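Working notes for the structure below.
Protein chains: 2
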Amino acid sequence: MRTLNERPDVIPLVAEVFREFGYEGASLSRITEKTGLGKGSLYHFFPGGKEDMAKAVLDEVGAWFEREVFAPLRDDAPEAAITRMWDTVISYFRSGRRICLVGAFALDGTRDRFADAISRYFVRWIASLRDALVRLGWDPADANQSAEEVVLGIQGALVLARATNDESLFVRTIDRLRLRLEPRKGAQRPRARRGA
Amino acid sequence: MRTLNERPDVIPLVAEVFREFGYEGASLSRITEKTGLGKGSLYHFFPGGKEDMAKAVLDEVGAWFEREVFAPLRDDAPEAAITRMWDTVISYFRSGRRICLVGAFALDGTRDRFADAISRYFVRWIASLRDALVRLGWDPADANQSAEEVVLGIQGALVLARATNDESLFVRTIDRLRLRLEPRKGAQRPRARRGA
DNA sequence: TCTCCGTTGTACCGATAGGTACAAATTAGA
DNA sequence: TCTAATTTGTACCTATCGGTACAACGGAGA
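Chains as they are written, first to last, in UniProt numbering: chain A, 1 to 196; chain B, 1 to 196.
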């Protein structure tokens with residue numbers, strides 16, 4: 001059995017500090033406090049220092065969503081993948097109590113430093129959701145717009161829920177967005193069908 | 001004629017620094033650089049230091065929106081006020097190139113410090129937009145939901161536009177949201193009418 | 001058991017953080 | 001013009017910032 005604290009074990013803890021305080025607010029002292037690791041270990045795992053940590057955290061978040069959400073949306077049965085996406089979103093963001101690290105980084109000066117990772121995260125999310133909708137038979141243009149609306153709505157809901165301290169707003173919004181991707185009931189959205 | 005730099009003149013400059021770098025990232029040196037004022041003047045205008053500056057900035061933003069957007073939504077002709085809101089939003093946020101200070105503060109640890117001002121900003125926006133919609137004859141429940149959707153959509157659009165560096169996304173989203181408040185064309189939304 | 005290498009704690013670095021003290025400069029009012 | 005209050009620049013304070021150096025520790029393989 002190796003040491004308890006390997007790099008992959010530490011990253012989620014570091015992520016939590018960045019999420020809570022932002023890039024500038026995440027001081028090394030707060031990170032050592034949260035992780036229980038001294039600077040020695042920290043700089044051993046992340047030779048590039050704070051920027052290295054943030055990069056690792058962004059990569060980890062990106063990889064996590066890729067595995068749990070994006071890939072299923074592209075590769076699995078569309079309906080099941082979309083259901084899975086909503087469950088994942090609700091639990092990952094803890095009903096709105098937890099914010100989106102990538103979205104938070106996008107808003108302040110931190111963005112310029114990690115522009116690539118931040119941009120790719122959202123672009124991939126929209127693209128893979130669009131893909132699932134198209135595979136469901138949606139008109140591609142409609143699929144694109146709705147995917148954009150959904151991802152954008154999630155981010156907006158996170159901002160508003162946290163701003164007003166009202167997590168019911170988050171859940172309510174997710175329910176509304178979810179219905180928007182299930183147009184069977186109202187039959188408003190899809191214009192073109194492919195199969196059967 | 002008094003000094004060129006009175007407190008009201010300085011606040012917008014300070015606001016720009018907070019907007020650009022976030023609360024933690026807005027160092028006093030960056031603020032002195034932007035405003036051209038030394039620490040002496042800065043602490044003369046804002047005896048409470050950095051926190052005092054941020055409070056003043058939040059108050060100023062809140063008062064500005066109250067005057068330019070919220071009050072018209074409550075008091076003026078609803079249609080004109082809503083049109084005015086959209087114009088203001090587009091120009092204030094510079095087609096998505098500029099972010100929402102209040103939304104950015106809401107996302108990181110800064111929120112706890114200014115929870116009241118942050119919450120009130122969004123609550124008032126939603127409430128006054130709802131008011132305008134009700135005065136337009138909307139069903140109150142629908143008005144509430146749509147107002148929430150709109151404010152939330154603006155915030156989400158700001159996050160996504162900045163994350164993907166795509167200001168067309170912002171404008172596109174605003175156009176879509178704008179249509180949502182003009183249901184004459186499709187006649188989807190309002191269920192109850194009051195007047196004539 | 002000894003050795004070796006991944007891991008860790010400690011001490012330290014210069015730079016900058018936010019904030020204070022206060023005298024000099026500037027201004028407005030009489 | 002003289003005076004009193006406002007406004008400003010400068011020097012300085014301590015705490016903490018991100019980062020480095022390095023010796024001590026630890027367990028696994030020989």
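Cβ coordinates follow ideal geometry from the N, Cα and C atoms, glycine included.
The structure presented is a predicted model; accordingly, all values stated were derived computationally and were not measured.
Taking the alpha helix (DSSP H) that A/P8 falls in, what are its first and last residues?
-> Walking along the first sequence from the start, residue 8 of chain A turns up at place 8. Looking at the DSSP string, the run of the alpha helix (DSSP H) that includes A/P8 is R7 to G25.
Is A/L13 closer than 8 angstroms to A/T32 when the C-beta atoms are compared?
-> Working through the first sequence from its first residue, we reach residue 32 of chain A at position 32. Working through the first sequence from its first residue, we reach residue 13 of chain A at position 13. Taking 8 angstroms as the Cβ cut-off, A/T32 and A/L13 do not qualify as a contacting pair.
Are A/F18 and A/A54 closer than 8 angstroms when you measure CB to CB?
-> Residue numbering aside, residue 18 of chain A sits at position 18 when the first sequence is read from its first letter. Residue numbering aside, residue 54 of chain A sits at position 54 when the first sequence is read from its first letter. Yes; because the gap between Cβ atoms is below 8 angstroms, this pair is in contact.
Out of curiosity, what's the CA-to-CA distance linking A/R180 and A/S41?
-> The residue labelled residue 180 of chain A in the question sits at position 180 within the first sequence. The residue labelled residue 41 of chain A in the question sits at position 41 within the first sequence. Distance between the alpha carbons of A/R180 and A/S41: 47 angstroms.
List, in order along the chain, the chain A residues whose C-beta lies closer than 7 angstroms to that of B/L152?
-> Numbered from its first residue, the second sequence carries residue 152 of chain B at position 152. In chain order: G153, G156, A157, L160 and T173.
Write down every uninterrupted run of the alpha helix (DSSP H) in the segment 53-119 of chain A whose length is 4 residues or greater and which is fully enclosed by it, in chain order.
-> 71-75, 78-92, 101-107 and 110-113
Expressed to the nearest angstrom, what Euclidean distance is found between the alpha-carbon atoms of B/E148 and B/L158?
-> Position 148 of the second sequence, counted from the start, is the residue given in the question as residue 148 of chain B. Position 158 of the second sequence, counted from the start, is the residue given in the question as residue 158 of chain B. For B/E148 and B/L158, the distance between alpha carbons rounds to 16 angstroms.
According to the neighbour-count rule (16 or more other Cβ atoms, all chains shown, within 10 Å of its Cβ), is B/P78 buried or exposed?
-> Walking along the second sequence from the start, residue 78 of chain B turns up at place 78. Classification of B/P78: buried, given that the 10 Å Cβ count is 16 or more.
Just tell me which of B/S29, B/D116 and B/T173 has its CA closest to the CA of A/N144.
-> If you number the first sequence from 1, residue 144 of chain A lands on position 144. Measuring from the Cα of A/N144, the nearest candidate turns out to be B/T173.
Find the nearest neighbour of B/G137 within the set B/Y121, B/H44, B/P183 and B/F21, judged by alpha-carbon distance.
-> On the second sequence, residue 137 of chain B is found 137 positions in, with the first residue counted as 1. Taking only the C-alpha atoms, the option nearest B/G137 is B/P183.
Pick helix, strand or coil for A/N165, following the three-state DSSP scheme.
-> Locating residue 165 of chain A in the first sequence gives position 165, where the first residue counts as 1. Here A/N165 sits in coil by DSSP.
Interface partners of A/T164 on chain B, CB under 7 angstroms | For the purposes of this step, residue 164 of chain A is taken as the residue at position 164 of the first sequence. Here the neighbours are S119, F122 and V123.
Using a Cβ-Cβ cut-off of 8 angstroms (strictly less than) and excluding sequence neighbours within five positions of B/R135, which residues of its own chain qualify?
-> What you label residue 135 of chain B is simply residue 135 of the second sequence in a count that begins at 1. Around B/R135: P78.
Is A/V151 closer than 8 angstroms to A/V102 when the C-beta atoms are compared?
-> The sequence position of residue 102 of chain A within the first sequence is 102, counting from 1. The sequence position of residue 151 of chain A within the first sequence is 151, counting from 1. Taking 8 angstroms as the Cβ cut-off, A/V102 and A/V151 do not qualify as a contacting pair.
May I ask you to list, following chain order, the residues of the segment 40-53 of chain A that have a beta carbon less than 7 angstroms from some beta carbon of chain B?
-> none
Name, going along the chain, the residues of the segment 56-78 of chain B whose beta-carbon falls closer than 7 angstroms to a beta-carbon of chain A.
-> none
Around the Cβ of A/A15, are there at least 16 other Cβ atoms within 10 angstroms (buried) or fewer (exposed)?
-> As a first step, residue 15 of chain A must be located in the first sequence, where it is residue number 15. Buried is the call here.
If we cut at 8 angstroms on Cβ distances, does B/E20 have a partner in chain A?
-> In the second sequence, counting from the first residue as 1, residue 20 of chain B sits at position 20. True, the Cβ-Cβ gap to chain A drops below 8 angstroms.
Give me the Cβ distance between B/F114 and B/F105, rounded to the nearest whole Å; I'm assuming they're in contact under 8 angstroms.
-> Start at 1 with the first residue of the second sequence, and residue 114 of chain B comes out as number 114. Start at 1 with the first residue of the second sequence, and residue 105 of chain B comes out as number 105. The pair is a contact, with the Cβ atoms about 6 angstroms apart (cut-off 8 angstroms).
Excluding the 5 residues preceding and the 5 following A/R30 in the sequence, name in chain order all residues of the same chain whose CB lies nearer than 6 angstroms to its CB.
-> Here the question's residue 30 of chain A lines up with position 30 in the first sequence. If we look at A/R30 and ignore the five residues flanking it on each side, its Cβ neighbours are V17.
Where does B/V69 land, buried or exposed, given buried means 16+ other C-beta within 10 angstroms?
-> Reading the second sequence from its first residue, position 69 is the one you call residue 69 of chain B. Flag for B/V69 reads buried.
Any C-beta of chain A sitting closer than 8 angstroms to the C-beta of B/L107?
-> The sequence position of residue 107 of chain B within the second sequence is 107, counting from 1. Yes, B/L107 lies at the interface with chain A (some Cβ there is under 8 angstroms from its Cβ).
Does any residue of chain A bring its CB to less than 8 angstroms from the CB of residue 197 of chain B?
-> Outside the modelled stretch of chain B, which goes from 1 to 196, sits residue 197 of chain B, for which no answer is possible.
Between the Cα of B/D166 and those of A/R176, A/I82, A/E24 and A/R120, spot the shortest distance and give me the residue it belongs to.
-> As a working mapping, residue 166 of chain B is identified with position 166 in the second sequence. Of the listed residues, the one whose Cα sits closest to B/D166 is A/R120.
Any C-beta of chain B sitting closer than 8 angstroms to the C-beta of A/R111?
-> For this step, residue 111 of chain A is matched to residue 111 along the first sequence. Closer than 8 angstroms to some Cβ of chain B, the Cβ of A/R111 qualifies, so yes.
Indicate the three-state DSSP secondary structure (helix, strand or coil) for A/L129 in the structure shown.
-> For the purposes of this step, residue 129 of chain A is identified with residue 129 of the first sequence, where counting begins at 1. Residue state, collapsed to three classes: helix.
Just confirm the distance between the C-beta atoms of B/G153 and B/L177, as a whole number of angstroms; I'd bet it's less than 8 angstroms.
-> For this step, residue 153 of chain B is matched to residue 153 along the second sequence. For this step, residue 177 of chain B is matched to residue 177 along the second sequence. B/G153 to B/L177, Cβ: 5 angstroms. Contact.
Which whole-angstrom value describes the C-beta separation of A/A81 and A/P72, a residue pair presumed to lie in contact below a C-beta threshold of 8 angstroms?
-> Working through the first sequence from its first residue, we reach residue 81 of chain A at position 81. Working through the first sequence from its first residue, we reach residue 72 of chain A at position 72. With 8 angstroms as the limit, A/A81 and A/P72 qualify as a contact, their Cβ atoms being about 4 angstroms apart.
Can the beta-carbon of A/F65 be found closer than 8 angstroms to that of A/R7?
-> On the first sequence, position 65 is the one that residue 65 of chain A refers to. On the first sequence, position 7 is the one that residue 7 of chain A refers to. No, these two residues do not count as a Cβ contact at 8 angstroms.
For B/G156, does the count of other Cβ atoms within 10 angstroms reach 16, so buried, or fall short, so exposed?
-> Against the second sequence, residue 156 of chain B aligns to sequence position 156. Per the 10 Å Cβ criterion, buried.
Starting from A/F45, trace the alpha helix (DSSP H) both ways and give me its first and last residue.
-> Taking the first sequence and counting its residues from 1, one reaches residue 45 of chain A at position 45. Element bounds for A/F45: K39 to F45.
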